[in-house]
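Undergrad:
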Amino acid sequence: MADLFHFELVSPEKLISSGSVAMVVVPGTEGDFGVLPGHAPLMSTIRPGAIAIYEADSNTLTRRIFVDGGFAEVSDKGLTILAESAMPVSDIDPAKVSVDLAAARAAADDTAIARLEAMQAATVN
Amino acid sequence: MASLKALKMRITSVKSTQKITKAMKMVAAAKLRRAQEAAEAARPYSERMAAVLASLGSRVTVGPESPRLLAGTGRDQVHLLVVITSERGLAGGFNTNIVRLARRKAEALATEGKSVKLLLAGRKGRAAFARTHRNAIIANMDLTHGKKLAFAEAQAIAAEVMRLFDAGEFDVAHLFFSRFRSALVQEPTELQIIPAALPAAVAEVTAGAVPAAIEYEPDEEAILAELLPRNLGVQIFRAMLENQAGFFGAQMTAMDNATRNAGDIINRLTITYNRTRQAAITTELIEIIAGAEAL
Chain A
1 MADLFHFELV
11 SPEKLISSGS
21 VAMVVVPGTE
31 GDFGVLPGHA
41 PLMSTIRPGA
51 IAIYEADSNT
61 LTRRIFVDGG
71 FAEVSDKGLT
81 ILAESAMPVS
91 DIDPAKVSVD
101 LAAARAAADD
111 TAIARLEAMQ
121 AATVN
Chain B
1 MASLKALKMR
11 ITSVKSTQKI
21 TKAMKMVAAA
31 KLRRAQEAAE
41 AARPYSERMA
51 AVLASLGSRV
61 TVGPESPRLL
71 AGTGRDQVHL
81 LVVITSERGL
91 AGGFNTNIVR
101 LARRKAEALA
111 TEGKSVKLLL
121 AGRKGRAAFA
131 RTHRNAIIAN
141 MDLTHGKKLA
151 FAEAQAIAAE
161 VMRLFDAGEF
171 DVAHLFFSRF
181 RSALVQEPTE
191 LQIIPAALPA
201 AVAEVTAGAV
211 PAAIEYEPDE
221 EAILAELLPR
231 NLGVQIFRAM
241 LENQAGFFGA
251 QMTAMDNATR
261 NAGDIINRLT
271 ITYNRTRQAA
281 ITTELIEIIA
291 GAEAL
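Line by line, the protein sequences give chains A and B. First residue of the first sequence? That's 1 in this note's numbering, and the numbers climb one at a time after it. First residue of the second sequence? That's 1 in this note's numbering, and the numbers climb one at a time after it.
Next comes the structure, spelled out in structure tokens:
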């Protein structure tokens, strides 16, 4: 059995997920980074994108959760992600995203565009 | 003395009022539980946020080039008071207490020669301030939340506060809300949100271990600049949740009192009713007896 570490995903409204995982790939502002057990302490901001969670071992991807940006903290206690909103990638409706994206482009709403493009990218992979 | 019929009608009317207040009390109790759960669920996030800010705060020295949310504008001439009240009434002195605290602050600032602006969230505060500080109100936010308070609503308020701050509309912001102590006790509270007071660093504990081991990406300042606006939203969200729970607590207490008062009135009216009825019977008997004797 692979080494596991503690992972928490927290939103202002509730604790979304908490448990032991083998690896998590986080979309950091300055590039994606993977967190494995024993990672050095780190604090990083997150850009909108999908968090990939490898629960049992670091080869099998089990869950992908889209977050709106936020903040990741790695400490000896594990990885904590603070996100303002989060939803499983499987819940994203690609059709709705493209409609919203067109609307956001029309309104020239940069933050919405970045968010929706990231959402679209997450559904493609 | 009121007629028997009129008394009976009053008793019925008070009884139906009592039924309503009793039902409202139960509803408030149920909603209070839900609001408390929501407040509990929000705790991990805000605790984490506070911890992160504390550890960052111990590393960053506040200087002129720090984010303005932390350092302030360097003046304290214009104050913004963000007052969170409830959308509904029938909760005793709940809203009055918040409004009173905020109004006192506004008056204190005014006597110091500072100008005051108001941002009101919640319908109940609006009416109260429209009377005394009509010109100071710069924005009203609706709290149209349905069953559950959404973070998006707090974000909307935070975004508006940020917009005003960036536009240089104010220098210092205070948040007024009711802190939830228990179902019976709500404490009107004032909290300064801009410039942000970093939570007292718990650095002493962590500093002993490995102080410089944490890597920052991008760097401390950038993270702080990104976190502070978020923290604003979180603080407002927390205040709203506490307010919500406090409101239901206050409503429950108010409705409990109303139910008890209605009971008292019913008792009093029933006694009067019975006395009147007895008096009427006695009078009737005397008349009959007197009539029989006269024959």
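Yeah, the Cβ is synthetic: ideal placement off N, Cα and C, and Gly gets one too.
Once you ignore the five residues that flank Gly135(A) on each side, which residues in its own chain have a CB closer than 8 angstroms to its CB?
TA: In the structure as shown, chain A begins at 1 and stops at 125. Residue 135(A) is therefore absent and cannot be evaluated.
Undergrad: Using DSSP with H/G/I as helix, E/B as strand and the rest coil, what is Val99(A)?
TA: Residue mapping note: residue 99(A) aligns to position 99 of the first sequence, counting from 1. DSSP places Val99(A) in helix when its eight states are reduced to three.
Undergrad: With Gln235(B) as the anchor, note down where its alpha helix (DSSP H) starts and where it stops.
TA: Counting from one through the second sequence, the residue named residue 235(B) turns up at place 235. Looking at the DSSP string, the run of the alpha helix (DSSP H) that includes Gln235(B) is Glu220 to Ala294.
Undergrad: Pairing CB atoms from the segment 66-81 of chain A with CB atoms from the segment 31-45 of chain A, are three or more of them under 8 angstroms?
TA: Touching, yes.
Undergrad: Quick one, are the C-beta atoms of Ala56(A) and Val89(A) less than 9 angstroms apart?
TA: For the purposes of this step, residue 56(A) is taken as residue 56 along the first sequence, with counting starting at 1. For the purposes of this step, residue 89(A) is taken as residue 89 along the first sequence, with counting starting at 1. Cβ atoms of Ala56(A) and Val89(A): not closer than 9 angstroms.
Undergrad: Using the Cα positions of Val35(A) and Phe129(B), report the straight-line distance between them to the nearest angstrom.
TA: Within the first sequence, the letter at position 35 stands for residue 35(A). Within the second sequence, the letter at position 129 stands for residue 129(B). Answer to the nearest angstrom: the Cα atoms are 52 angstroms apart.
Undergrad: What residues in the segment 173-188 of chain B bring their beta carbon closer than 7 angstroms to a beta carbon of chain A?
TA: Against chain A - using a Cβ distance shorter than 7 angstroms - the segment 173-188 of chain B contributes no residues.
Undergrad: Go through its chain and collect everything with a Cβ distance to Glu8(A)'s Cβ below 6 angstroms, but skip five positions before and after it.
TA: For the purposes of this step, residue 8(A) is taken as the residue at position 8 of the first sequence. Hits under 6 angstroms: Ser18 and Thr80.
Undergrad: Within 10 angstroms of its Cβ, does Met252(B) collect 16 or more other Cβ (buried), or is it exposed?
TA: Locating residue 252(B) in the second sequence gives position 252, counting from the first residue. Buried is the call here.
Undergrad: Verify the CB distance criterion: does Leu79(A) have a CB-CB separation below 9 angstroms to chain B?
TA: Looking up residue 79(A) in the first sequence gives position 79. False, the Cβ-Cβ gap to chain B never drops below 9 angstroms.
Undergrad: Please report how far the alpha carbon of Lys22(B) lies from the alpha carbon of Thr259(B), in whole angstroms.
TA: Locating residue 22(B) in the second sequence gives position 22, counting from the first residue. Locating residue 259(B) in the second sequence gives position 259, counting from the first residue. Whole-angstrom Cα-Cα distance: 6 angstroms.
Undergrad: Quick check on Lys117(B): buried or exposed, where buried means 16 or more other Cβ atoms within 10 Å of its Cβ?
TA: Position 117 of the second sequence holds residue 117(B). Classification of Lys117(B): buried, given that the 10 Å Cβ count is 16 or more.
Undergrad: Just the C-alpha distance for Val60(B) and Ile20(B), rounded to the nearest angstrom, thanks.
TA: Along the second sequence, one-based indexing puts residue 60(B) at 60. Along the second sequence, one-based indexing puts residue 20(B) at 20. Their backbone Cα atoms lie some 56 angstroms apart in a straight line.
Undergrad: Who are the near neighbours of Leu61(A) in its chain, counting only those whose CB is closer than 8 angstroms to its CB and skipping five residues on each side?
TA: As a first step, residue 61(A) must be located in the first sequence, where it is residue number 61. Only Ala52, Ile53 and Tyr54 meet the Cβ criterion.
Undergrad: Hey, out of Ile16(A), Pro12(A), Leu15(A) and Arg47(A), whose CA is closest to Val26(A)'s CA?
TA: Here residue 26(A) refers to the residue found at position 26 of the first sequence. Among Ile16(A), Pro12(A), Leu15(A) and Arg47(A), the Cα nearest to that of Val26(A) belongs to Arg47(A).
Undergrad: Taking the beta strand (DSSP E) that Ser182(B) belongs to, which residues open and close that run?
TA: Stepping through the second sequence from its first residue, residue 182(B) is reached at position 182. Element bounds for Ser182(B): n/a, residue is neither H nor E.
Undergrad: Of the residues Asp256(B), Gly246(B), Tyr273(B) and Ile214(B), which one's Cα is nearest the Cα of Val52(B)?
TA: Here residue 52(B) corresponds to residue number 52 of the second sequence, with the count starting at 1. Checking every option, the nearest Cα to that of Val52(B) belongs to Ile214(B).
Undergrad: Is it true that the CB of Ala35(B) sits closer than 9 angstroms to the CB of Ile84(B)?
TA: Looking up residue 84(B) in the second sequence gives position 84. Looking up residue 35(B) in the second sequence gives position 35. Going by C-beta atoms, Ile84(B) is not nearer than 9 angstroms to Ala35(B).
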